[in-house]
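K.L.:
One structure, as structure tokens, below. Some questions next.
Residue numbers (this note's numbering): 14 to 104.
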């Protein structure tokens, strides 16, 4: 059961305590960009987070469903500059 809680907000294991889910979600997006995570896995995790806290029928949920690449996810979450920086330094 801890795995489900970690999926929704992995900061439950942090010594500093649980962070707001919006902050966790933004950090998750940044890590997926850095690690070049598979888009299907990224979308699945983001959908699980969104379903737990709000609703997939909202603007954010529909935006995640429409994303076809990491660039789309970065654009949705306002991380375009970070995405461009990481991609330009990747070789």
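Positions of the beta carbon are idealized from the N, C-alpha and C atoms, including for glycine.
Which first and last residues belong to the alpha helix (DSSP H) in which residue 107 is found?
P.N.:
In the structure displayed, the chain extends from 14 to 104; residue 107 sits before or after that span and is not available.
K.L.:
Could you tell me if residue 78 is buried or exposed, where buried requires 16 or more neighbouring beta carbons within 10 angstroms of its beta carbon?
P.N.:
The residue you call residue 78 lines up with position 65 of the chain shown. Looking at its Cβ environment, which holds fewer than 16 other Cβ atoms inside 10 Å, residue 78 is exposed.
K.L.:
I need the DSSP call for residue 101, collapsed to helix, strand or coil.
P.N.:
Against the chain shown, residue 101 aligns to sequence position 88. Three-state DSSP puts residue 101 in a helix.
K.L.:
Does DSSP put residue 34 in a helix, a strand or coil?
P.N.:
Numbered from its first residue, the chain shown carries residue 34 at position 21. In the structure shown, residue 34 sits in a helix (DSSP, three-state: H, G or I).
K.L.:
Considering only the alpha carbon of each residue, which of 53, 62 and 100 lies closest to residue 81?
P.N.:
Your numbering for residue 81 matches position 68 in the chain shown. Measuring from the Cα of residue 81, the nearest candidate turns out to be 53.
K.L.:
Locate the alpha helix (DSSP H) running through residue 54, then write down its first and last residues.
P.N.:
What you label residue 54 is simply residue 41 of the chain shown in a count that begins at 1. Note, residue 54: alpha helix (DSSP H), 52-66.
K.L.:
For residue 90, which residues in the same chain have their Cβ closer than 7 Å to its Cβ, ignoring the five residues on either side in sequence?
P.N.:
On the chain shown, residue 90 is found 77 positions in, with the first residue counted as 1. Excluding positions up to five away in sequence, the list reads 39 and 42.
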